[in-house]
Ligand SMILES: *Cc1c(COP(=O)(O)O)cnc(C)c1O
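Residue numbers (our numbering): 16 to 395.
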């Protein structure tokens, strides 16, 4: 089946009892058993829930995996996948990884004897030379937040697999519609469903998809044992959100392309970061590895004052963290999402005080351009 058909139908079988076309929200904590040792495959709702199972089946199909586990947040999905490494192991991770992932790895998992190296994963040689005999995992994010740099998933997967390391791709920014890491060579695809998969800024959740049945067995064991499951209602919301993933992603993208072109020629904008622009350093890789360029753009207006002027003047674009919703969100990475990185380090990564990030929504693009245009005029 095609991706759009799967997005709507995979895991979404009509309810066997009533024929309900939408998977019901099974809001129950337990299930009555017919007799001792005889039940319908459902014993306790941390372990099994039909609404969550429907979502897991749906996302597994969309990511071309053998199975998926849904979690209470993107971070819970990432921490569950991180149980594939143990004390004495080494992990190589993208130096522009999501801040919460960096915090979890360095402040929590490092206390349990796991070592980390953070590298520019756009540079395959840097990844290769940071691999050690005990490297067991490569954690990638592409495109990265907020610099929109890409990494070559097939090439890096080969490098990692040669050394027996597992490859995790945080696919939150692209969504499975635009990029399918498991088909490109990775072992795990993880998502914050909070973003594009749910798409309506009304749920927090996460999912991890695997391609090896043995990995699914361990991940399900971890999901049940540590218990950070996605609730039935959130599972239902994400299932519902995914039905329109394709039409939303296409609109996010056409809007983003037009806005990126507009920003790239604007005299007040020093630099625009968007993989769809021909001058993006990995534009060719984006064409090869992704089905589209997505809805995230960053741009530099040159100074903190300029960014402040812009952000205080926007009306339609909402100032806020997060991304991937139908409404356009605008943010200031240096003081918001990436505020915990020391300034010197931040500047080196390109996250200057003038950098602004845009999660382009699906509003009428003329209205978004008009809003940005009037706000850019506020810059002196
Ligand atoms: C938001 C986000 C996460 C964390 O997800 P939560 O649902 O907020 O826990 C992880 N990775 C990326 C790329 C994200 O954008």
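Cβ atoms here follow ideal geometry from the backbone N, Cα and C, with glycine treated the same way.
I need the straight-line Cα distance from residue i to residue j, nearest angstrom please.
i	j	result
residue 258	residue 213	9 Å
residue 298	residue 290	5 Å
residue 148	residue 70	38 Å
residue 329	residue 345	9 Å
residue 145	residue 100	17 Å
residue 191	residue 59	31 Å
residue 294	residue 22	33 Å
residue 313	residue 218	24 Å
residue 324	residue 394	6 Å
residue 373	residue 188	12 Å
residue 398	residue 230	Because the chain here runs from 16 to 395, residue 398 falls outside it and cannot be looked at.
residue 410	residue 78	What is shown of the chain runs 16 to 395, which leaves residue 410 out entirely.
residue 378	residue 263	10 Å
residue 359	residue 366	10 Å
residue 333	residue 302	30 Å
residue 74	residue 112	23 Å
residue 82	residue 343	32 Å
residue 76	residue 193	14 Å
residue 228	residue 304	25 Å
residue 114	residue 52	46 Å
residue 392	residue 320	13 Å
residue 57	residue 36	22 Å
residue 141	residue 34	54 Å
residue 106	residue 125	10 Å
residue 172	residue 39	39 Å
residue 306	residue 62	35 Å
residue 161	residue 232	34 Å
Output needed for residue i: all residues of its chain with C-beta closer than 7 Å, excluding positions within five of it in sequence on either side, in chain order.
i	result
residue 72	25 and 26
residue 382	331
residue 98	237
residue 296	none
residue 41	64, 65, 66 and 247
residue 143	174
residue 45	59 and 60
residue 43	60
residue 349	361, 366, 367, 368 and 370
residue 127	102
Going by beta carbon distance, what residues of the same chain come within less than 6 Å of residue i, once the five residues before and after it are set aside?
i	result
residue 80	197, 224, 225 and 226
residue 54	48
residue 317	285 and 369
residue 180	150, 151, 152 and 153
residue 199	168 and 169
residue 380	270 and 273
residue 322	316, 347, 369 and 371
residue 164	137
If you drop the 5 nearest sequence neighbours on each side, which residues of the same chain put their C-beta closer than 8 Å to that of residue i?
i	result
residue 110	133, 134, 135, 136 and 364
residue 95	84, 86, 223, 234, 237, 238, 241 and 243
residue 276	292
residue 354	none
residue 221	85, 86, 87, 88, 89, 90, 91, 92, 93, 205, 206, 207, 208, 209 and 245
residue 20	none
Does any residue of chain D bring its CB to less than 9 Å from the CB of residue i?
i	result
residue 37	Of the chains in the structure shown, none is chain D; there is only one protein chain.
- Are there three or more Cβ pairs, one per stretch, closer than 8 Å when the stretch 203-222 is compared with the stretch 329-344? yes
- Could you give the uninterrupted runs of the alpha helix (DSSP H) lying entirely in the stretch 110-157, keeping only those of 4 residues or more? Runs found: 114-118 and 139-145.
- Query: Does the count of Cβ pairs from the stretch 262-275 and the stretch 110-129 closer than 8 Å reach three?
  - Reply: no
- Which parts of the stretch 290-371 are runs of the alpha helix (DSSP H), unbroken and 4 residues or longer, counting only runs that do not cross its ends? 298-304, 319-328 and 358-364
- Query: Are there three or more Cβ pairs, one per stretch, closer than 8 Å when the stretch 143-158 is compared with the stretch 180-191?
  - Reply: yes
- Query: Which runs of the beta strand (DSSP E), 3 residues or longer, sit entirely within the stretch 145-215?
  - Reply: 150-156, 181-185 and 203-207
- For the stretch 41-117, which segments carrying the alpha helix (DSSP H) assignment without a break, of at least 4 residues, lie completely within its bounds, in sequence order? 65-77 and 89-96
- Answer yes if the stretch 273-283 comes into contact with the stretch 376-392, meaning at least three C-beta pairs across the two stretches below 8 Å, and no otherwise. As far as the Cβ criterion goes, the stretch 376-392 touches the stretch 273-283, which means the pair count is three or higher.
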